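Asks: Taken in order, these protein sequences are the chains called A and B.
Note that this note's numbering gives residue 187 to position 187 of the first sequence, counting from 1, and the numbers run on in steps of one.
Note that this note's numbering gives residue 211 to position 211 of the second sequence, counting from 1, and the numbers run on in steps of one.
Below is a structure I'd like to ask you about.
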Amino acid sequence: MLLLALIAVSSASWAEDGSRLKLATTTSLYDTELLDTLDQKFQDEYGVRVDSVSGGTGIAIQYGERGDVDLIIIHDKARELKFVKDGHGLQRRCFAYNYFYIVSPKDDPAGITGLNATQAFAKIREEGLKNPDKVKFVSRGDNSGTHTKEQSLWKGAGFNYSAINNSTNHWYLETGTGMGATLVMTNEKSAYTLTDMSTFMAYKGNLSLVPLIQGGKELLNIYVAIAMNPAKHQGANCTLANKLINFLVSDKGQALIANFGKEKYGQPLFFAARGNCTKIGCSEDECAVPTNASCSAANNAAAEIR
Amino acid sequence: MNEILAGLIRAIELIVTLDPEVVGVTSRTLTISLSSTFLGALINLPLGGLIYFRSFRGKGLFIHLIQTLYSLPTVIVGLLIFLLISRSGPLGFLGLMFTPGGMILGQTVLVTPILMGLTISSLEGVSRQVRETAISLGANEYQAIMTVIKEARQAIMAAVLLGFGRAISEVGVAMMIGGNIRGYTRVLTAAIALNTSMGDIELSLALGIILISLSLIVNLLLGLFRVGIRGPGGIMVPKGR
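Structure follows, in structure tokens:
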């Protein structure tokens, strides 16, 4: 143990310094390289490097709760609200959105074309039970925001998730990996999956999958940034985290988001939150406005007690 | 087959053009793995020697335990170190999570059983007569120990090389402690895992080829060093007893 501490101290010289910001992000922003673009612009403007750790919403929240990052970007409203309510995070800020797609091989073996999302899920299950060799559904199975959305769609279709996510269901496969890897697997298996629009666009070139069901309110996908609460996590760099959030919701940040990928993919991968607050159901005071959270630990502790 | 060929061509391209991203990842990989192997050797070679030359209760059991840990899965080391250095862990105040320093710590722990255990076996491989002869020739205990270590240096070197191999090829610590941050904690193995998951098989293959070449170069350099201390043909041959 002593030795361990010794190594730890000696390697502490390699540890972080003040001009780096640690961000845990959902995989879609990372895999599409939107975050790279934003980080680069942010670095140009403020001279701060953003270190992005990519994982699902589930692991991003874990890192946040343990205080290993300065801010998180996730897409799962219920868990966002809980994260702030538990005092881990300061304020939610919606800054971008897009839609989930249900994608499948071109021949659509379950015949879901024309249905809405929940109807499609019911149909995939029905056909999958009948013929699991032909109709398969691939799930992220990793507690990510997309996985949560998938579970809520199964619920919306009238099924208990434990009855779906069941080892006797040979038509239902869980990958436990990011969106990109899940799409690659869906492609290999000629299966169906739920994906966010941006990752699908970025991977489309390598896949023979097509989006069968897109758009619609139940498939909305809203990205939110939350800075860590310094009252709960002393190490968190709240000032820089707020700076990055304010950059994301600034005119410049919003324009970067709205235009990202237009050239490469022929259509944007994300939409800016500003101006679409009602549409995406994000309240005015949380939607694309700068954060006014104080970074003073004392203030936040007081707020927490109240 | 075409994919493999394309990977090979891509690897050569990336090396010849000194692609900055690849050069960065490669030199980072080398720095981190060499540092942890060096640190590990610094701690474990003397410790292994100490354990071999001293007798204490439960020594046999202890050595068995170390040897069991040879197969310590990298993800378990990753998990343990994560719990230790995460901000809410006991060493959280050091701020090592998601840093190269944290990765070095993790890899050092990872190579510890191999370095310590193989040091002990290397010393065991030296005939008892060497020590006894040294003592009968008037060496004190310290000198006798040094003589035995000198005899075992080939095997110890092989242990260090094996430790380096384990450090450079692991992915558990790199992903869980480093977080695979581009330009900061991304090493070759993590980059390969990432690019494969992103469907860029060619680049993954190219990085894999670079990784293997790197090991080869380190091996050859150490081989040269061995030739230097032993004369040509610095290959380990079992000693006749």
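Each residue gets a CB set at the ideal place from its N, CA and C atoms; glycine is no exception.
Keep in mind the model is a prediction, meaning the values are calculated, not measured.
What distance in whole Å lies between the Cβ atoms of residue 166(B) and residue 110(B), which are believed to be in contact at a cut-off of 8 Å?
Replies: Confirmed, about 6 Å.
Asks: If you reduce the DSSP assignment to three classes, tell me which class residue 307(A) lands in.
Replies: With chain A covering only 1 through 306, there is no way to say anything about residue 307(A).
Asks: Is it the case that the Cβ atoms of residue 271(A) and residue 288(A) are separated by a distance below 8 Å?
Replies: Contact: no.
Asks: Does any CB atom of chain A fall closer than 8 Å to the CB of residue 184(B)?
Replies: Yes, residue 184(B) counts as interfacial toward chain A.
Asks: Using DSSP with H/G/I as helix, E/B as strand and the rest coil, what is residue 226(A)?
Replies: Strand.
Asks: Is residue 67(B) near the ligand NAP, going by C-beta to nearest heavy atom under 7 Å?
Replies: As for the ligand NAP, it is missing from this structure, which has no ligand bound.
Asks: Between 237(A), 119(A) and 164(A), which lies nearest to residue 219(A) when the distance is taken from Cα to Cα?
Replies: Measuring from the Cα of residue 219(A), the nearest candidate turns out to be 119(A).
Asks: Compute the Euclidean distance between the alpha carbons of residue 164(B) and residue 104(B), then round it to the nearest angstrom.
Replies: Cα to Cα, the separation comes out at about 12 Å.
Asks: Assuming residue 48(A) and residue 248(A) are in contact, meaning their beta carbons sit under 8 Å apart, how far apart are those beta carbons, in whole angstroms?
Replies: The Cβ separation is near 14 Å, so there is no contact.
Asks: Determine the DSSP secondary structure at residue 44(A), reduced to helix, strand or coil.
Replies: Reduced to three states, the DSSP call for residue 44(A) is helix.
Asks: By the DSSP assignment, the alpha helix (DSSP H) with residue 295(A) in it spans what residues?
Replies: Per DSSP, residue 295(A) belongs to no alpha helix (DSSP H) and is neither H nor E.
Asks: If we cut at 8 Å on Cβ distances, does residue 68(A) have a partner in chain B?
Replies: Closer than 8 Å to some Cβ of chain B, the Cβ of residue 68(A) qualifies, so yes.
Asks: Within 10 angstroms of the Cβ of residue 44(A), are there 16 or more other Cβ atoms? Answer buried if so, exposed if not.
Replies: Residue 44(A) should be labelled exposed.
Asks: Identify whether residue 223(B) lies in helix, strand or coil by the three-state DSSP scheme.
Replies: Residue 223(B) falls in the helix class under three-state DSSP.
Asks: Consult DSSP for residue 195(A) and reduce its assignment to one of helix, strand or coil.
Replies: Reduced to three states, the DSSP call for residue 195(A) is strand.
Asks: Round the Cβ separation of residue 136(A) and residue 171(A) to the nearest angstrom and send it over; I've been treating them as touching at under 8 Å.
Replies: That pair is a contact at about 5 Å.
Asks: Going by Cα to Cα distance, which pick from 159(A), 295(A), 245(A) and 146(A) is closest to residue 35(A)?
Replies: Residue 245(A) is the option with its Cα nearest to residue 35(A).
Asks: By Cβ distance, which residues of its chain are closer than 8 Å to residue 92(B), with the 5 residues on each side in sequence left out?
Replies: If we look at residue 92(B) and ignore the five residues flanking it on each side, its Cβ neighbours are 85 and 86.
Asks: Compute the distance between the beta-carbons of residue 172(B) and residue 48(B), then report whether it is under 8 Å.
Replies: No; because the gap between Cβ atoms is not below 8 Å, this pair is not in contact.
Asks: Should the stretch 145–162 of chain B be called in touch with the stretch 116–123 of chain B, which here means at least 3 C-beta pairs below 8 Å?
Replies: With the cut-off at 8 Å, the stretch 145–162 of chain B and the stretch 116–123 of chain B touch.
Asks: Got a sec? Which residues, its chain only, sit under 6 Å from residue 69(B) by beta carbon, not counting five neighbours each side?
Replies: 113, listed in sequence order.
Asks: Any beta carbon of chain B sitting closer than 8 Å to that of residue 233(A)?
Replies: Residue 233(A) counts as touching chain B.
Asks: Output the boundary residues of the beta strand (DSSP E) element that contains residue 16(B).
Replies: First-last for residue 16(B): 2–16, but that is the alpha helix (DSSP H), not the beta strand (DSSP E).
Asks: What in chain A is Cβ-close to residue 87(B), meaning under 7 Å?
Replies: Within 7 Å Cβ-Cβ: 66, 67, 68, 233 and 235.
Asks: Run down chain B in chain order and give the residues with a C-beta less than 8 Å from the C-beta of residue 85(A).
Replies: Ordered by position in chain B, no residue passes the 8 Å Cβ test against residue 85(A), which lies about 19 Å from the chain.
Asks: Do you know how far the Cα of residue 145(A) is from the Cα of residue 108(A)?
Replies: So the two alpha carbons sit approximately 25 Å from each other.
Asks: For residue 206(B) versus residue 10(B), is the C-beta distance shorter than 8 Å?
Replies: Going by C-beta atoms, residue 206(B) is nearer than 8 Å to residue 10(B).
Asks: Is it the case that the stretch 181–201 of chain A contacts the stretch 212–222 of chain B, given that we only count it when at least three CB pairs across the two stretches are under 8 Å?
Replies: Judged by Cβ distances under 8 Å, the stretch 212–222 of chain B makes no contact with the stretch 181–201 of chain A, as fewer than three pairs qualify.
Asks: Return helix, strand or coil for residue 89(A), following the three-state DSSP convention.
Replies: Three-state DSSP puts residue 89(A) in a strand.
Asks: What does the Cβ neighbour count give for residue 113(A), buried or exposed, with the cut at 16 atoms within 10 Å?
Replies: With fewer than 16 Cβ atoms within 10 Å of its Cβ, residue 113(A) is classed as exposed.
Asks: With distances taken from CA atoms, which of 209(B), 190(B), 219(B) and 223(B) is nearest residue 7(B)?
Replies: For residue 7(B), the nearest C-alpha among the options comes from 209(B).
Asks: Could you give the residue range of the beta strand (DSSP E) that holds residue 172(A)?
Replies: First-last of the beta strand (DSSP E) with residue 172(A): 172–174.
Asks: Per DSSP, which residues does residue 100(A) bridge with? Please list them.
Replies: Per DSSP, 196(A).
Asks: Would you call the stretch 120–128 of chain A and the stretch 152–166 of chain A touching, i.e. three or more CB-CB distances under 8 Å?
Replies: Taking 8 Å as the limit for Cβ pairs, the verdict is that the stretch 152–166 of chain A does touch the stretch 120–128 of chain A.
Asks: How is the beta strand (DSSP E) around residue 211(A) delimited, first residue to last?
Replies: 209–214 is the extent of the beta strand (DSSP E) around residue 211(A).
Asks: Closer than 8 Å, CB to CB, is residue 27(B) near chain A or not?
Replies: So no, residue 27(B) is outside the interface.
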